[in-house]
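Novice: Going down the list, the protein sequences come from chains C and F.
Count the first sequence with the numbering used here and you get residues 1 to 352, in order.
Count the second sequence with the numbering used here and you get residues 353 to 609, in order.
No residue lacks a Cβ here, since even glycine has one placed at the ideal position from N, Cα and C.
Take this structure first; my questions come after.
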Amino acid sequence: MNKILMSGNNVIGEAAIRAGCRFYAGYPITPQNELTEYMAEHMRNAEGGVFIQSESEVAAINMIAGAAAAGVRVMTSSSGPGISLKQEGISSMAAQELPGIIVNIMRGGPGLGNILPSQGDYFQATRGGGHGDYRTIVFAPGSCQELADLTMDAFDLADKYRTPAMILADGMMGQMMEPVIFKKPKPRQYPEKFMLRGAGSGKSKFIRGLLLDPVDSEAHNWKLARKYEVISENETRCEEHRIDDAKLVIVAYGTAARIAKGAIKRLRSHDMKIGLFRPITLWPFPEMRLRTLSEKVNNFLVFEMSTGQMLEDVRLALQGYADIEFHGRPGGAVPTPAELANVIARVYEQKD
Amino acid sequence: MAKIVFKHPESLKENIFHYCPGCGHSIVHRLVAEVIDEMGIRGVTIGVPPAGCAVLAYNYFDVDMIEALHGRGPAMATAIKRCLPDRLVFSYQGDGDLAAIGIAESFHAANRGENISVIFINNAVYGMTGGQMAPTTMLNQRSTTTPAGRKQAVDGYPVKVSEIFSQLDGATYVERCAVSSPAGVNKTKKAIRKAFQCQMAGLGFSLVEVLSLCPTNWKLSSVDSCKYIDEVMSKVFPPGVYKDQTGQSGKTAEARP
Ligand SMILES: Cc1ncc(C[n+]2csc(CCOP(=O)(O)OP(=O)(O)O)c2C)c(N)n1
Ligand code: SF4
Chain C
1 MNKILMSGNN VIGEAAIRAG CRFYAGYPIT PQNELTEYMA EHMRNAEGGV
51 FIQSESEVAA INMIAGAAAA GVRVMTSSSG PGISLKQEGI SSMAAQELPG
101 IIVNIMRGGP GLGNILPSQG DYFQATRGGG HGDYRTIVFA PGSCQELADL
151 TMDAFDLADK YRTPAMILAD GMMGQMMEPV IFKKPKPRQY PEKFMLRGAG
201 SGKSKFIRGL LLDPVDSEAH NWKLARKYEV ISENETRCEE HRIDDAKLVI
251 VAYGTAARIA KGAIKRLRSH DMKIGLFRPI TLWPFPEMRL RTLSEKVNNF
301 LVFEMSTGQM LEDVRLALQG YADIEFHGRP GGAVPTPAEL ANVIARVYEQ
351 KD
Chain F
353 MAKIVFKHPE SLKENIFHYC PGCGHSIVHR LVAEVIDEMG IRGVTIGVPP
403 AGCAVLAYNY FDVDMIEALH GRGPAMATAI KRCLPDRLVF SYQGDGDLAA
453 IGIAESFHAA NRGENISVIF INNAVYGMTG GQMAPTTMLN QRSTTTPAGR
503 KQAVDGYPVK VSEIFSQLDG ATYVERCAVS SPAGVNKTKK AIRKAFQCQM
553 AGLGFSLVEV LSLCPTNWKL SSVDSCKYID EVMSKVFPPG VYKDQTGQSG
603 KTAEARP
């Protein structure tokens, strides 16, 4: 298979179309516009492909919900403010058990913030963001290759569990170019019985979200909760990098993890025993792996391009069994590997 | 041999309506179901009920249905129709749903000329949430959030959906009816049929606005509610055909790439 050099935003679009995505709706917002434009250009050539530039992010999420109900693989994408607008729709897709992919190419926040890479939407992505007892599967790719692979996997998991899944990347990942190989997508497995395509001569179906009877509603909530438990058990992913002899482990995801890898390379050349723990799924968070790691490592340093959000999940995972330091750069600030290496070295020397 | 002149529509389930006695939703549900029966399209129809008093419409219509979030019916319907162009897709919306929170989705679905039909129930109040002011509440009309009557200075004017939507180039057929009299009911049914035929012929966006009774929140009897529609509402929202391009060639969904 050939390697193709593509920017992150385009990789997501190409992977989606290859995975059989045939409905995309989106509203322009930087730094993800290339993805919307890619879908506009390439959905035309995909058989049965529909592209709609929607009137808003609210419309976009409700459009993909409709298309998902019709039995089509669907995706929408946006960034910070637009993702906030989609939250009611994401909650509703979780409630109505509709599969679909939401891409958030994060930018600096809160509010309009700026258009620089950031990781301030971790809470929003992993804690639900919308209302009610629900969860969203959240992938945090760390390279263009992972953008390709995880986008395809996200479609499969969304179908498998009939739930929305999110690709959480940032402006840096969206813009950077790397060679990628697109894997062969798996054939779609999504039973016809979940699709709403007209009753034909059979029984009519309905998909609802409002459950007025508390008995029904509680049962539905527990059913969803059991599903999320199964997802937590089976779909957690992480990468462990140079942790075998590590005395200090950096915990970082996405762009922050890339920067951390660069920093670790430098520090290793100075004989500092530093490793990286990189969650690939942010929900479900790989907490058991991290806890196991604390049996041999006592010191962790969480690095995020935020004021400290994943930090809470790391604390929950480590439950006080290890020391946790934090370094954060919010609001669109992106440190170089050299800068981060200095921070890590200071922490390492204190602990050593 | 007896001839059947009146029966329960096949596209309507046997469930008993939860609507208040005299409510216009019940009438319009029946009309929509009758049209679906008569057109023989039950098996290809997909309905999108709103958040509003009609939220449980899937308990009544025996066609495939998916409940939309408040105001987003036309966005959902747009997507379903684009994915399944040979189905009949309609959204069913109240005035808060269409003209307040969902005005953008409705406006743009119409403007894109989506080949869908919107059944729009204008009862001049928010029924489901207990009678608050709607965008269509008339000046001086009392509601729970306009206890002294709607005042133009603070609440603005009633939104005239048919007038506005008929201005959009994407809209093919727009008619306003009233279910306050037998003649009005018949007209409404004809309009719904026309809207669905417009869609099945691939002619583009259709909207039927129905001036509809909400005796509960108007605090009027059913009979007085009908009078209120005829004597008050109809003056602000005159029934009639606001746009009909169904006879014009060139208005086809085929133009879609
Ligand atoms: C985002 C959101 N805001 C508010 C509501 C509450 N809500 C449900 S129905 C409704 C208004 C319904 O009025 P209308 O659309 O006129 O329909 P009717 O009930 O009169 O038929 C409101 C405000 C909601 N479900 N979702
Ligand atoms: S509140 Fe009004 S609109 Fe709602 S069911 Fe009762 S009469 Fe009908």
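Identify the contact partners of His460(F) in chain C, using a Cβ-Cβ distance below 9 angstroms as the criterion.
Specialist: Simply Ser54, Glu55, Ser56, Ala59.
Novice: Measuring alpha carbon to alpha carbon, tell me which of Ser363(F), Ile455(F), Leu383(F), Pro361(F) ends up nearest Ser564(F).
Specialist: Measuring from the Cα of Ser564(F), the nearest candidate turns out to be Leu383(F).
Novice: Compare the C-beta of Gln97(C) with all C-beta atoms of chain F and state if any pair is closer than 8 angstroms.
Specialist: Sequence check: residue 97(C) is Glu here, not Gln. Closer than 8 angstroms: no.
Novice: Can you tell me whether Cys578(F) sits near ligand 2, meaning its C-beta is under 7 angstroms from at least one heavy atom of the ligand?
Specialist: For ligand 2, not one heavy atom lies less than 7 angstroms from the Cβ of Cys578(F).
Novice: Per DSSP, which one or two residues make a beta bridge with Asn474(F)?
Specialist: The partner list for Asn474(F) (beta bridge, DSSP) reads Leu563(F).
Novice: Just the Cα atoms here: how many angstroms apart are Pro286(C) and Ala317(C)?
Specialist: The straight-line gap from Cα to Cα measures roughly 8 angstroms.
Novice: By the three-class DSSP mapping on this structure, what secondary structure does Leu194(C) have?
Specialist: Sequence check: residue 194(C) is Phe here, not Leu. In this structure, Phe194(C) counts as helix in the three-state DSSP scheme.
Novice: Beta carbon of Met480(F): closer than 7 angstroms to some heavy atom of ligand 2?
Specialist: Correct: Met480(F) has its Cβ closer than 7 angstroms to ligand 2.
Novice: Secondary structure at Glu57(C), three-state DSSP: helix, strand or coil?
Specialist: Glu57(C): helix per DSSP, three-state reduction.
Novice: Any heavy atom of ligand 1 inside 7 angstroms of the beta-carbon of Glu457(F)?
Specialist: No, ligand 1 has no heavy atom inside 7 angstroms of this Cβ.
Novice: Which residues of chain F have a Cβ atom closer than 9 angstroms to the Cβ of Leu211(C), listed in chain order?
Specialist: Per Cβ cutoff of 9 angstroms: no residues; Leu211(C) is ~11 angstroms from chain F at best.
Novice: For Leu563(F), would you say it is in contact with chain C, using Cβ-to-Cβ distances shorter than 8 angstroms as the test?
Specialist: No, Leu563(F) does not count as interfacial toward chain C.
Novice: For Ser56(C), which residues of its own chain have a beta-carbon under 7 angstroms away from its beta-carbon, when the five flanking residues on both sides are left out?
Specialist: These residues qualify, in order along the chain: Tyr27, Leu85.
Novice: On a Cα-Cα basis, can you pick out the residue from Gly202(C), Lys273(C), Ala40(C) that is closest to Glu349(C)?
Specialist: Of the listed residues, the one whose Cα sits closest to Glu349(C) is Lys273(C).
Novice: Between the stretch 189-215 of chain C and chain F, which residues of the former have CB atoms less than 9 angstroms from a CB of the latter, in chain order?
Specialist: Listed by position, the residues of the stretch 189-215 of chain C near chain F (Cβ gap below 9 angstroms) are Leu196, Arg197, Gly198, Ala199, Gly200, Ser201, Gly202, Lys203, Ser204, Lys205, Phe206, Ile207, Arg208, Gly209, Leu210, Leu212.
Novice: Check Thr397(F) in the structure and name its three-state DSSP category.
Specialist: Reduced to three states, the DSSP call for Thr397(F) is strand.
Novice: Measure from the C-beta of Val180(C) to each C-beta in chain F and report whether the shortest distance is under 8 angstroms.
Specialist: Chain F, which has no Cβ nearer than 8 angstroms to the Cβ of Val180(C), makes this no.
Novice: Nearest chain C C-beta to Arg394(F) closer than 8 angstroms, yes or no?
Specialist: Yes, because at least one Cβ of chain C sits closer than 8 angstroms to the Cβ of Arg394(F).
Novice: Can you pull the chain F neighbours of Ile324(C), defined as C-beta to C-beta under 7 angstroms?
Specialist: Within chain F, no residue comes near Ile324(C); the closest Cβ sits about 40 angstroms away, beyond 7 angstroms.
Novice: Suppose contacts are defined by Cβ-Cβ distances below 8 angstroms. Is Val562(F) in contact with Ile473(F) by that definition?
Specialist: Yes, Cβ-Cβ distance for Val562(F) and Ile473(F) is below 8 angstroms.
Novice: Please check if any C-beta of chain F sits within less than 8 angstroms of the C-beta of Phe139(C).
Specialist: No - not a single Cβ of chain F is within 8 angstroms of the one on Phe139(C).
Novice: Find the residues of chain F that neighbour Ser217(C), judging by a C-beta separation of less than 8 angstroms, and give them in chain order.
Specialist: Result: empty, since nearest Cβ-Cβ is about 14 angstroms, beyond 8 angstroms.
Novice: How would you list, in chain order, the residues of chain F whose beta-carbon sits under 8 angstroms from the beta-carbon of Met63(C)?
Specialist: By Cβ distance, chain F contributes Ala427, Met428, Thr430, Ala431.
Novice: So what's Ile64(C) in DSSP terms, helix, strand or just coil?
Specialist: Residue state, collapsed to three classes: helix.
Novice: Excluding the 5 residues preceding and the 5 following Gln119(C) in the sequence, name in chain order all residues of the same chain whose CB lies nearer than 7 angstroms to its CB.
Specialist: Contacts found: Met106, Asp170, Gly254, Ala256, Glu304, Met305, Ser306.
Novice: Closer than 7 angstroms, Cβ to any Cβ of chain C: which residues of the stretch 435-455 of chain F, in chain order?
Specialist: Residues passing the 7 angstroms Cβ filter: Cys435, Leu436, Arg439.
Novice: Put Gly262(C) into one of helix, strand or coil per three-state DSSP.
Specialist: Here Gly262(C) sits in helix by DSSP.
Novice: Does any C-beta atom of chain C lie closer than 8 angstroms to the C-beta of Pro609(F)?
Specialist: Summary for Pro609(F): the model assigns pLDDT 40, below 50, so the residue's position carries little reliability; its value from the coordinates is reported in the next sentence. Closer than 8 angstroms to some Cβ of chain C, the Cβ of Pro609(F) qualifies, so yes.
Novice: Relative to ligand 2, is the shortest distance from any of its heavy atoms to the C-beta of Thr568(F) smaller than 7 angstroms?
Specialist: Because some heavy atom of ligand 2 lies under 7 angstroms away, the Cβ of Thr568(F) counts as near it: yes.
Novice: According to DSSP, what are the bridge partners of Ile101(C)?
Specialist: Ile101(C) pairs with Met75(C), Ala165(C).
Novice: Using a Cβ-Cβ distance under 8 angstroms, would Gly82(C) count as near chain F?
Specialist: No, Gly82(C) lies away from the interface with chain F (no Cβ there is under 8 angstroms from its Cβ).
Novice: For a contact meaning CB atoms closer than 9 angstroms, what does Met552(F) contact in chain C?
Specialist: Simply none; closest approach about 13 angstroms.
Novice: Let me check you understand the geometry: is the CB of Asn475(F) closer than 7 angstroms to at least one non-hydrogen atom of ligand 1?
Specialist: It does: the Cβ of Asn475(F) is within 7 angstroms (strictly closer) of some heavy atom of ligand 1.
Novice: Taking the C-alpha atoms as reference points, what is the distance between Ser443(F) and Leu559(F)?
Specialist: When rounded, the distance between both Cα atoms is 10 angstroms.
Novice: Mind listing the chain F neighbours of Glu88(C)? Cutoff is C-beta to C-beta under 8 angstroms, in chain order.
Specialist: Leu421, listed in chain order.
Novice: Any beta carbon from chain C within less than 8 angstroms of Met417(F)'s own beta carbon?
Specialist: Closer than 8 angstroms: yes.
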